[in-house]
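Student: Please see the structure below; I have some questions.
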Amino acid sequence: MKKRFPQYLTQPFMILSFEPDEQMVALTCVVLALVLWGWAVLFPFMVPYLYVRTKKKYPRGFIKHVFYILGFIKFEGYPAFHEREFVE
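Okay, here's the thing in structure tokens:
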């Protein structure tokens, strides 16, 4: 079986000109629009646009850190964000 080697090693994986996380946001918004209807029909257009703008405005890993501060995810091996002094 042959595997295709990417032309550029640093080129991100893309699906229809979206990165996978952008595609996930867009598809989630489409599903919500189909379920909720009404004003939710605007979700597939507004939310991915705002997500991409925010993602490109801030450094890499920004959204993961926002989810950490809000308490949705945990970073393993790191002290809590509110701790100022700790012993290694």
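The numbering used here applies: residue 34 is where the sequence shown begins, and numbers increase by one.
We treat Cβ as the ideally placed atom computed from N, Cα and C, and that holds for glycine.
If we count Cβ pairs, one from each stretch, closer than 8 Å, do we get three or more for the segment 36 to 43 versus the segment 66 to 75?
Tutor: Touching, no.
Student: Please report the residue range of the alpha helix (DSSP H) in which residue 56 lies.
Tutor: From DSSP, the alpha helix (DSSP H) with residue 56 extends over 53 to 69.
Student: Does the segment 48 to 68 come within contact of the segment 78 to 93, defined as at least 3 CB pairs closer than 8 Å?
Tutor: Touching, yes.
Student: For residue 102, which three-state DSSP category applies?
Tutor: Helix.
Student: Just to confirm my understanding: we take residue 76, look at its own chain, exclude 5 residues before and 5 after, and list those with CB closer than 6 Å. What are they?
Tutor: Counting only Cβ-Cβ distances below 6 Å, and skipping sequence neighbours, we find 62, 65, 66.
Student: What are the residues that DSSP puts in a beta bridge with residue 48?
Tutor: According to DSSP, which records beta bridges pairwise, residue 48 is partnered with 51.
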